[in-house]
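Below is one structure, written out as structure tokens, with a few remarks after it.
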């Protein structure tokens, strides 16, 4: 924080808050590191959070034999219940006292016998018998209902195997809901693709084309039940889910690999952004190591609408998620991520300067359609490797008129191979001759291509 005070003052809660939070979180941060780096040195029952209470003297117990012997924490006080009494230690009782006790005992026994007789007669009465039969019928009814529910209950969904739903083999068309119950919460790797494919050739009863649908943001909230992830991959995103992605990244203090992929590339308004290049081909990492703090988001993980449309690596969203995670879980000072892979993101430097650990962060992969909105790495991250695609296939944004007669070609195919290429005009002239001749079943003249 001392190295980049301007940037920390520009955070959502300010520099002073994060200084206090850093001091408060220091013991937790150290305990996480010690438990992960040396998992076998300390027994489980002595690790966080079981070691929060330090051993120390405890006030003497009233049951202690001497009355002034302290019991230390961690030691078990062994007390034996006495099942026999030493007769020599008893004080003699006077004969008159014995006579009094015997009379009291006989009177109590008589009263007990009378009460048992009254209770037996009440149990035999018709009103009590009817009540008993009614309660029995109710119990039988409840048992029948429970039995019926148990027989008709839906069968539990099978768990998804550990070698499925991984970054190498992600779970496609992820729908959330009950699918979360099929994923074991102690998984170390998780890979899902949330894109919902739509067949636009299908029509409903009214002849309407299906609309593009996507997974609701709240359907990704159960991602935070995982606490042991080392690798997480979420692709096929058509809207921002950073609200829960970064909260899960903070909770999983051993997360080392994170990959996020969008379906659509960002659309930038050049008149408002200036020169924001794609991170591809001849792009070069900026040599600056310090700049003024900037923010291009709208607070939800997406780009400011005045600058364009697209997913933005949002430092404010990472900060909000940090606060939520700190309130319910143990977190590090900074993210534990070592390798970050992005597709279709607008990226600047501030998220890395604030929330990525320079001693752990190793590599960032920029895949297709990532945009440089002021990205650089601070001096303490000079050893981080930055990889990007050599080329990104540009999508067509303009069109032109085509002269079919002059530019269209006719291809003759045989066994799936082009055996002849002709101009469209030449094909029109020889069309009559072509139809008059017999054609081999695997030979045909079809298709067109604009060159």
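Residue numbers (the working numbering): 1244 to 1694.
Don't be surprised by glycine CBs; every beta carbon is placed ideally from N, CA and C.
Residue 1437 counts as buried, since no fewer than 16 other beta carbons sit within 10 angstroms of its beta carbon. Residue 1618 has its alpha-carbon roughly 20 Å from the corresponding atom of residue 1255.
Between the alpha carbons of residue 1440 and residue 1416 lies a distance of about 7 Å. Runs of the beta strand (DSSP E) lying entirely within the stretch 1384–1421, each at least 3 residues long, are absent.
Check the Cα spacing between residue 1511 and each of 1388, 1501, 1592, 1587: the tightest is with 1587. Within the stretch 1537–1608, the runs of beta strand (DSSP E) at least 3 residues long that lie entirely inside it are, in chain order, 1582–1586, 1588–1590. Here DSSP, grouped into helix, strand and coil, assigns residue 1631 to strand. In this structure, the beta-carbon distance from residue 1614 to residue 1522 falls below 8 Å. Cβ-Cβ distances below 8 Å link residue 1414 to 1403, 1407, 1408, 1422, 1434, 1435, 1436 in the same chain, with the five nearest sequence neighbours on each side left out; the list follows chain order. Taken through DSSP and simplified to helix, strand or coil, residue 1614 comes out as strand. When 1545, 1425, 1578, 1412 are compared, the shortest CA-CA separation from residue 1483 is found for 1545.
The three-state reading of DSSP puts residue 1651 in strand, counting E and B together. The bridge partners DSSP lists for residue 1483 come to none.
Within the DSSP bridge table, the entry for residue 1431 names no partner. A Cβ-Cβ contact shorter than 8 Å links residue 1479 with residue 1506.
Annotated as proximal: residue 1425 and residue 1401, with beta-carbon spacing under 8 Å.
Distance from residue 1430 to residue 1458 at the Cβ level is roughly 19 Å; contact not present, criterion being Cβ atoms closer than 8 Å. The residues 1402, in chain order, have a CB closer than 7 Å to that of residue 1427 in the same chain once the five nearest residues on each side in sequence are set aside. Apart from the 5 residues on each side of it in sequence, residue 1251 sits with its Cβ closer than 7 Å to the Cβ of 1244, 1258, 1261 in its chain, given in chain order. The closest CA to that of residue 1485, considering only 1472, 1572, 1501, 1474, is found on 1501. With distances taken between CA atoms, residue 1556 lies nearest to 1543 out of 1666, 1519, 1548, 1543. Here the alpha carbons of residue 1665 and residue 1655 stand approximately 8 Å from one another.
Residue 1577 holds the alpha-carbon nearest to the alpha-carbon of residue 1594 among 1548, 1602, 1577, 1662.
In the DSSP assignment, residue 1478 is bridged to 1436. In the structure shown, residue 1244 falls within a coil segment according to DSSP collapsed to helix, strand and coil. Nearest Cα to residue 1623 within the set 1575, 1550, 1661, 1592: 1592. Residue state for residue 1522 is assigned as coil, using DSSP reduced to three classes. Under the three-state reduction of DSSP output, residue 1457 falls in the coil class, being neither helix nor strand.
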